[in-house]
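**Student:**
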Amino acid sequence: MKKQFFFLFAGLALLAACDPKGPDVVVPAPAPTTGVFVLSEGQFGGGDGAVSVFDKATKSLTVDAFGSANNGAKLGDVVQSMGVQGNRGYIVVNASKKIEVVTLPDFKTAGTISGLSEPRYFTSTSATRGYVTEWRGPFTGYLPGVLSILDLTTNTVIKSVPVGRNPEQLLALDGRIYVPNSLDNTVSIVDEASAEVTSTFTVPDGPSSMVVDKDGNVWVLCSGFVTYLSVPPYTLTRVSNGALVRFNPRNPTSQFKLSFPGTSSPGQLRISPAKDQLYYAFGSAEYQMSTAATALPTAPFIRRSFTGFAIDPRDNTVFAAVTPSFTNNGRFIRYQPTGVAIDSFEVKVGPNGFVFY
Amino acid sequence: MHFFNLGRAAWRRALLWVLLVVPGLAVGQQRPGPVATPADSARLSQRLQRLAEVRVRAVGPERFAVGSRRFELDSAVLAQYRGANLADVLQARTPLILKNYGPGQLATIALRGTSAQHTAVLWNGLNIMLPTLGQNDFALLPVGANTRVSVQPGPAAALYGSGAVGGAVLLNNDPDWRPGVRGSMQADAGSFGLLGGSLEARAATPTVAVRVAASYRQAHNNYSYLLREARGPVRYTLRNAALRHQWSISPDVAWRVGAAGEVTAAAWLTDADREIQSGVNVTGTQARERDQSRRLVLGYRHVAARRQWAVRGAWFEDIIDYRDGGAPSNSRVRTTQMQAEHTAALGARGSLRLGAEAQHFAALVGGYGSQTITENRAAAFALLRYDPQPALRLSANLRQAALPAGLAPLTPTVGLEWDLLRTDNDSLSYSLTQSLTAKASAARSYRAPTLNERYWLPGGNPNLRSESGFGAEAGLRHRLGWGRATTLETELTVFRQDVDDWVQWLPATGTGIWSPRNLRQVRSQGLEASMALRQRRGRYTGGAQLAYHLTDTRKTQGTAADSDPVGVQLAFVPLHQASFSTDHRWRDWLLSGTLAFTSFRYINASGDDFLPGTGLLGATVGRTLPGPACTSLLVLVQAANLLNQAYDSYPGRPAPPRTVGGSLRVSWK
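In order, the protein sequence lines correspond to chains A and B. Under this note's numbering, read the first sequence as residues 14 to 370, first letter to last. Under this note's numbering, read the second sequence as residues 46 to 714, first letter to last.
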């Protein structure tokens, strides 16, 4: 009888040891000019955010480039965004409160910038100088955030400049850093040389993303506010409508403004490589608008809701990210510049952005 | 059925004991008063078969759950784990699936592959699932509070009501009518700042039995773990994972009134203050949660010759206060429950129980707004047990619940047990005895929408339908005895469980507000095999249990809004689970070993990322030393994860390495 027990027992041990094979196939890093980095947030708490490398030439995909290049290391929790400076990539990992620095295109680690608050977006103006926006405070009561100035040679924070609440997708232009404060109605301008806020100007509520067009004008997309904050009765009430604002950087207070209807909140302003077409998400669709337009378009460019959207500067291919839920993997879809779908690929949970390298 | 080889006199003693300890179980049977003699020995002997059944099955409603698998953690096992919580003991001793966020952290059960909300937890016959979440945190249920813990996988909702889709976990406090005073006090200490203590005292006179159990536990859980970072593996110490305190006090009293009546009153108060570990890749959170439950039940039971009736009233208060640096999230729910049932004998072979229950919830929950939300639910049930012959036992039950959004699905249950083979032993010889029983049951089940699903702002969906389940199981139970000394019991069950209108929270298109909807169908099927060997020889008693569960659970169909793929094993449901435990007592010594295997588990619905399989070894060594004046001292050393396996119990939640603990218990009687 005892023997039978042990026999069964050994069999069960074998069953338990039988794990499926992990995605351990390392695709050779793509040659420059055909790589696309796809950012996936991952499942909250699991530390499994990822950057996938897609090679346009071979259509091959390395799902977790960071893990594959660094002995299976986890990238961390909530991969928010990524910036590139030369052959360095800066992956902003929000809940892990760090920036992972990697060499490109092989994604080998080149350091970690830690000690951040709730880092959101990165940009850089030289091989030694970087900037990252950080939120501060709990979600129930955000405090004014900061723009942290980074020394990219030592991967440390030099200085944190106080800005408005929830600073988002910043823009570096002509020695100035424009920081849209998305929980306020302001944009802070930080002077690169003095590392101080030199001015703060008013825009409509909820500025979150900015681009500069071919004429040197800056466009700010403001999402507007809806309240459903942490206090009862939590009703969803629109406080202000979204708006698209254009200004000349020499005179930011003189603004051209296009207002959105109150049915939804616009987001994710992008610009075409020629810098003459704007793209934004509004009400479960993606819209395209000429920088010369005087009114918002009424017909969508692609009638679908995306969690990430970008245009490849090399060939104008459109990359759009789809997050069906946070309980399963996401995918990205490639579109012709005309908006006709080409193909799609599965990536990790919560894809939210693209970097072309 | 016979695996005790008892003579006629012993049977009578056993019978009397059964009747005294669990009055009201032997339906249609005169319950003797404390001084009464067994009434009619002829009638008693006619009832032996059925009472033997009751003796094995032990508690009331289960009598109507014929053909359904059920297993019990015996009192010797519970005594070993009395400082621990229910999640700890189930993980070490059974192949049940628990989703565990770490020691003392949230631990939920997934019986037969269903979700945490599909297992009803009943305390003394009353549903104690949190009405807000519709589930229980098994880390908040200390083992020592109850005298009996049993698990009944499979749908039995007609017996246990809402939530009993995957099964039910039954916690009971049975009065101990052995006269006199007995008790024990225990102190525990262990790795990573574990400190605890517990007390149990019982006293009984012929008319009153009292028991008090209390326990305390705290732990730093500051163990180290290895995180694979880009620069290489880095060792960290776990932070913000302490169990700051966990109290449990559970007094109960049973009072015999007249020859046929019994009043019972029980309370169970628990209070836990925990730091909430939010994943080691999430930096710097300081979440904490305070969980408090107060449960009171008052009951009266009347047992006459041919009929029995009982009424029970209960009042619960469940508090969860969570804070993580932002505004606190507070929740308080008060539940009032009433139950009444009447059981009558149908001839000599059957019994019929008719009953009704009502629940009233009053919830003051931050997420529902500033007003108290109230909800009422009611249900009526009919339970029939009929044994055409001693070897063939049948049950058929029906339950209908009324919910605020309308009637829940009507839930019938049918069950059958048939003794295919039975060689009765001769009480004087040591010959081989065996029995083989075929069993089958089928049931419909339901889960009422939780208060969160209905009232959460924003997103709560008052139009949510109840989830409905249909389950069936069939199997064989074989018992083999070699004389009095050795028994071997083997059970094999195959099951299939379908759940329809499975609720998922999804962001609404347009607004992006998360809202629960009836989205999908899930099918779980598999088998459960177990083998238990028990041996008693001279001053040695011992045994070994081996159990294996195969649980194949997949989404079979979903609406367009439900993006999870069809046909993939559900996240956190391992396909294979196995457990092996062995216990030995010789003279004053006690030795136990446990091994629990879990195959890999997917961590999301896509079915590619997974937590690897684990094999966890635990052991206990103890020795009882006699002391003066009917006292004794038990010295217990326990170790868990002896192989020091490094693994995550949940993504981003490293489990403890090898832990060692010691306990000292002073008992008196």
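Idealized CB from N, CA, C, for every residue including glycine. On a predicted model such as this, the values are computed, not experimentally measured, just so you know.
If you count every other CB in all the chains shown that lies within 10 Å of the CB of Y585 of chain B, and 16 or more means buried, which is it?
**Tutor:** Exposed: under 16 other Cβ atoms inside 10 Å.
**Student:** Residues in the stretch 641-656 of chain B with C-beta within 8 angstroms of chain A's C-beta atoms, listed in sequence order?
**Tutor:** The stretch 641-656 of chain B vs chain A, Cβ under 8 angstroms: F642, T643, S644, F645, I648, N649, A650, S651, D653, D654, F655.
**Student:** Hey, how far is the Cα of F332 of chain A from the Cα of A317 of chain B?
**Tutor:** Rounded to whole angstroms, F332 of chain A to A317 of chain B spans 49 angstroms at the Cα level.
**Student:** Which chain A residues are close to V327 of chain B, counting only those with a beta carbon under 9 angstroms from its beta carbon?
**Tutor:** Residues of chain A passing the Cβ test: F57, G58, G60, G89, D90, V91, A108, S109, K110.
**Student:** In this structure, does DSSP put S81 of chain A in helix, strand or coil?
**Tutor:** The answer is helix: DSSP assigns S81 of chain A an H, G or I state.
**Student:** What residue from B:T282, B:A401, B:V194 has the CA that sits closest to Q384 of chain B's CA?
**Tutor:** Measuring from the Cα of Q384 of chain B, the nearest candidate turns out to be B:A401.
**Student:** So the candidates are B:V356, B:L204, B:T252, B:G505; which of them puts its Cα closest to the Cα of Q445 of chain B?
**Tutor:** When each option's Cα is compared against that of Q445 of chain B, the closest is B:L204.
**Student:** Under 8 angstroms between C-beta atoms, does E147 of chain A make it to chain B?
**Tutor:** Judged by the 8 angstroms Cβ criterion, E147 of chain A is not in contact with chain B.
**Student:** What are the residues of the stretch 289-316 of chain A that lie near chain B, defined by any Cβ-Cβ distance shorter than 9 angstroms?
**Tutor:** For the stretch 289-316 of chain A, which is checked against every Cβ of chain B, the residues closer than 9 angstroms are G296, S297.
**Student:** Consult DSSP for G73 of chain B and reduce its assignment to one of helix, strand or coil.
**Tutor:** Summary for G73 of chain B: the model assigns pLDDT 35, below 50, so the residue's position carries little reliability, and this model does not support an answer.
**Student:** State the beta-bridge partners of E147 of chain A as determined by DSSP.
**Tutor:** Bridge partners of E147 of chain A: A:P132, A:V159.
**Student:** I'd like the span of the alpha helix (DSSP H) that includes Y205 of chain B, first residue to last.
**Tutor:** From DSSP, the alpha helix (DSSP H) with Y205 of chain B extends over 202-205.
**Student:** Do you know offhand how far Q566 of chain B's Cα is from Q602 of chain B's?
**Tutor:** The straight-line gap from Cα to Cα measures roughly 5 angstroms.
**Student:** What are the partner residues of A256 of chain A, as DSSP defines its beta bridges?
**Tutor:** In DSSP, A256 of chain A forms a bridge with A:C235, A:S272.
**Student:** Enumerate in chain order the residues of its own chain whose CB-to-CB distance from T141 of chain A is below 8 angstroms, with the five nearest sequence positions on each side excluded.
**Tutor:** These residues qualify, in order along the chain: D164, L165, T166.
**Student:** In terms of residues, what are the limits of the alpha helix (DSSP H) holding Y500 of chain B?
**Tutor:** Start and end: 496-500.
**Student:** Is the beta carbon of A264 of chain B less than 8 angstroms from the beta carbon of L239 of chain B?
**Tutor:** Yes; because the gap between Cβ atoms is below 8 angstroms, this pair is in contact.
**Student:** For the stretch 539-550 of chain B against the stretch 490-510 of chain B, are there 3 or more C-beta pairs whose distance is under 8 angstroms?
**Tutor:** Yes, the stretch 539-550 of chain B touches the stretch 490-510 of chain B.
**Student:** Between the C-alpha atoms of L272 of chain B and N689 of chain B, what's the straight-line distance to the nearest angstrom?
**Tutor:** Going by the C-alpha atoms only, they are around 16 angstroms apart.
**Student:** Quick one: list the residues of chain A neighbouring S323 of chain B, beta-carbon separation under 8 angstroms, in chain order.
**Tutor:** Near S323 of chain B (Cβ distances below 8 angstroms), the residues of chain A are G58.
**Student:** Would you mind working out which of A:R178, A:Y103, A:W232 sits nearest N168 of chain A, comparing C-alpha positions?
**Tutor:** Residue A:Y103 is the option with its Cα nearest to N168 of chain A.
**Student:** Name, please, each residue of chain B whose Cβ falls closer than 7 angstroms to the Cβ of G85 of chain A.
**Tutor:** The contacting residues are R273.
**Student:** Check whether the Cβ of P610 of chain B lies closer than 8 angstroms to any Cβ atom in chain A.
**Tutor:** Taking Cβ atoms only, chain A reaches closer than 8 angstroms to P610 of chain B, which makes this a yes.
**Student:** Name the residue from A:R178, A:I324, A:P265 whose alpha carbon lies nearest to the alpha carbon of G229 of chain A.
**Tutor:** Residue A:P265 is the option with its Cα nearest to G229 of chain A.
**Student:** Go through its chain and collect everything with a Cβ distance to L509 of chain B's Cβ below 8 angstroms, but skip five positions before and after it.
**Tutor:** Excluding sequence neighbours, L509 of chain B sits near A450, P494, E498, R499, V548, P561, R562, N563.
**Student:** Leaving out five residues on either side along the sequence, give the residues of the same chain with a beta carbon under 7 angstroms from the beta carbon of W168 of chain B.
**Tutor:** Within the same chain, W168 of chain B has close Cβ partners L216, W313, R340.
**Student:** I'd like to know whether the C-beta of F152 of chain A is nearer than 8 angstroms to at least one C-beta of chain B.
**Tutor:** Closer than 8 angstroms to some Cβ of chain B, the Cβ of F152 of chain A qualifies, so yes.
**Student:** Beta-carbon of T266 of chain A versus every beta-carbon of chain B: anything under 8 angstroms?
**Tutor:** Output row for T266 of chain A: interface = no.
**Student:** Report the three-state DSSP secondary structure of L156 of chain B (helix, strand or coil).
**Tutor:** Note: L156 of chain B maps to helix in three-state DSSP.
**Student:** Starting from the beta carbon of V225 of chain A, find every residue of chain B whose beta carbon is closer than 8 angstroms, and list them in chain order.
**Tutor:** Result: empty, since nearest Cβ-Cβ is about 29 angstroms, beyond 8 angstroms.
**Student:** Please determine if the stretch 201-212 of chain A and the stretch 223-240 of chain A are in contact, where contact requires at least 3 C-beta pairs separated by less than 8 angstroms.
**Tutor:** No, the stretch 201-212 of chain A is not in contact with the stretch 223-240 of chain A.
**Student:** Quick one: does I558 of chain B have its CB under 8 angstroms from some CB of chain A?
**Tutor:** Answer yes: the Cβ-Cβ gap between I558 of chain B and chain A drops below 8 angstroms somewhere.
**Student:** Would the stretch 190-203 of chain B count as touching the stretch 279-287 of chain B if we require 3 or more Cβ pairs under 8 angstroms?
**Tutor:** The stretch 190-203 of chain B, when compared against the stretch 279-287 of chain B, does not touch it at the 8 angstroms Cβ threshold.
**Student:** Starting from G371 of chain B, find everything on chain A with Cβ-Cβ shorter than 8 angstroms and list it in chain order.
**Tutor:** Within chain A, the residues near G371 of chain B are P151, F152, T153, G154, S243.
**Student:** In the DSSP assignment, find the unbroken beta strand (DSSP E) run with S201 of chain A in it and report its ends.
**Tutor:** Segment 199-204, the beta strand (DSSP E) holding S201 of chain A.
**Student:** Closer than 6 angstroms by C-beta to M302 of chain A: which residues in its own chain qualify, once you throw out the five before and the five after it? Chain order, please.
**Tutor:** Within the same chain, M302 of chain A has close Cβ partners L291, P310.
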